[in-house]
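Report on the following structure.
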Amino acid sequence: MPMCYKVDVIAVLKEAGYNTNRIRKEKIMGEAMLQKIRSGQMVSWATLETICSLLECQPGDLIEFVKEDGVQERG
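With the numbering used here applied, the sequence shown corresponds to residues -19 to 55, in that order.
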């Protein structure tokens, strides 16, 4: 998986006052998206946008591209 989280998104949300109960109760995002984040899977752009809005950050603060072995560079 070439894209991965640079931070523990759930922990950072919690530090900002958004625990999983609040996120579900306020319908900020569903359990399926929370589970994807917990397991390190990438979420939709819309969900990433929501997280960035809550944390007042940029996508690059949360995710990064990690080159996999055997992946050829373009150019």
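Positions of the beta carbon are idealized from the N, C-alpha and C atoms, including for glycine.
Rounded distance between the beta-carbons of residue j and residue i, thought under 8 Å
i: Ile17; j: Val(-11); result: 5 Å
i: Ala(-9); j: Leu34; result: With 8 Å as the limit, Ala(-9) and Leu34 do not qualify as a contact, their Cβ atoms being about 13 Å apart.
Backbone secondary structure at residue i - three-state DSSP
i: Cys32; result: helix
i: Glu11; result: helix
i: Glu48; result: coil
i: Asn1; result: helix
Which listed residue (the options) has its alpha carbon closest to that of residue i
i: Leu28; options: Gly20, Lys7, Gln15, Leu42; result: Leu42
i: Glu36; options: Cys(-16), Glu11, Tyr(-2), Arg2; result: Tyr(-2)
i: Glu6; options: Gln15, Thr30, Gly20, Lys(-14); result: Thr30
Per-residue burial, residue i [other beta carbons within 10 Å of its own, 16 or more giving buried]
i: Met9; result: buried
i: Met13; result: buried
Extent of the continuous beta strand (DSSP E) to which residue i belongs
i: Met(-17); result: -17 to -15
First through last residue of the alpha helix (DSSP H) which encompasses residue i
i: Ala(-9); result: -11 to -5
i: Gly40; result: 39 to 42
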